[in-house]
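**Q** Could you have a look at this structure, given as structure tokens, before my questions?
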Amino acid sequence: MFFAFGTFLSFLWGQMLIPEYKPVVTVESPKQLKKEVAASEAVYAKKADSLNRQNNQLVFQLSSTKTALANANTKTVSLQREIFNLLDQRFTRQENASSHLDASCDSLANTIPVLIAVSNEKDSLYNSEVADLESQVQNRDSAVALQQQQYQILKESFIKSVEAQTILISDNKALTKTVRQQRTKSKLLSAALFILSGAAATYLLHH
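Going by my numbering, the letters in the sequence shown line up with residues 5 to 211, in that order.
This is the structure we're talking about:
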């Protein structure tokens, strides 16, 4: 009876020494997460590079259009001056020579303003095109800035996730080690109690 009681006591004591065991949580390794981050970063860098090249090309086109427009405006102003000077000379000659009106001069006088109006309209269309291109460049820059901001946020989230996974794995390893140590100690104590209870039972039986 003493032997059985000692055995039960040693078993109960050993179980009390074992802390509640929490199973290790299975998590993705930080190394794998870092690989995924690197892969995502490579994809983003490729797309961002393509977007930047398109943006640079658009800026170049805008600069070229502005230059062409400036040249067109200069030519228009020069043409206007030349035409009005020519008209002034024609009218001056007509007033000095006779009252006879030259039909060709009238035709020229009527046609030139139309040509100038058409030229001005073309310049206006160029101005509108430049405004549209400027808006496109601004929109492109805004899109690039937004994507960079979103990417930075995503990258920071990944970094925090990796750090959290690293801490979790470290805690799990420490917990597993502690549980193993406690189990080993409890086994040794149970064995010692088992031996002592057996010895005590034997001693009592013989005395």
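Don't be surprised by glycine CBs; every beta carbon is placed ideally from N, CA and C.
Predicted model, so just to flag it, every value in this text is computed and none were measured.
Check whether the Cβ atoms of ARG144 and ASN59 lie closer than 7 Å to each other.
**A** yes
**Q** Which residue wins for smallest C-alpha separation from LYS159, given the options VAL41, LEU129, ALA76?
**A** VAL41
**Q** Give the C-beta separation of LEU62 and VAL148 to the nearest angstrom, bearing in mind that I take them to be a contact with Cβ-Cβ under 8 Å.
**A** Rounded, the Cβ-Cβ distance is 11 Å, inconsistent with contact.
**Q** Going by other Cβ atoms of all chains shown within 10 Å of its Cβ, with 16 needed for buried, is VAL166 buried or exposed?
**A** VAL166 comes out buried.
**Q** Closer than 6 Å by C-beta to SER161: which residues in its own chain qualify, once you throw out the five before and the five after it? Chain order, please.
**A** none
**Q** Straight-line CA distance for LYS164 to SER174?
**A** 15 Å
**Q** Using the rule of at least 16 other Cβ atoms within 10 Å of the residue's Cβ for burial, across every protein chain shown, is PHE9 buried or exposed?
**A** Low local confidence applies: a pLDDT of 45 at PHE9 is under 50, so the model's placement there is unreliable, and no value is given.
**Q** Taking only the alpha-carbon atoms, compute the straight-line gap between ALA135 and ILE171 and give it to the nearest angstrom.
**A** 54 Å
**Q** Are the Cβ atoms of TYR48 and TYR155 separated by less than 7 Å?
**A** yes
**Q** Sorted by chain position, which residues of the same chain lie with C-beta nearer than 7 Å to SER68's C-beta, five sequence neighbours on each side aside?
**A** none
**Q** For GLN84, which residues from the same chain have a beta carbon less than 8 Å from its beta carbon, with the 5 sequence-adjacent residues on both sides left out?
**A** Only ILE120 meet the Cβ criterion.
**Q** Compare the Cα-Cα distances from GLU138 to each of ASP53, PHE64, LEU91 and report the closest residue.
**A** When each option's Cα is compared against that of GLU138, the closest is PHE64.
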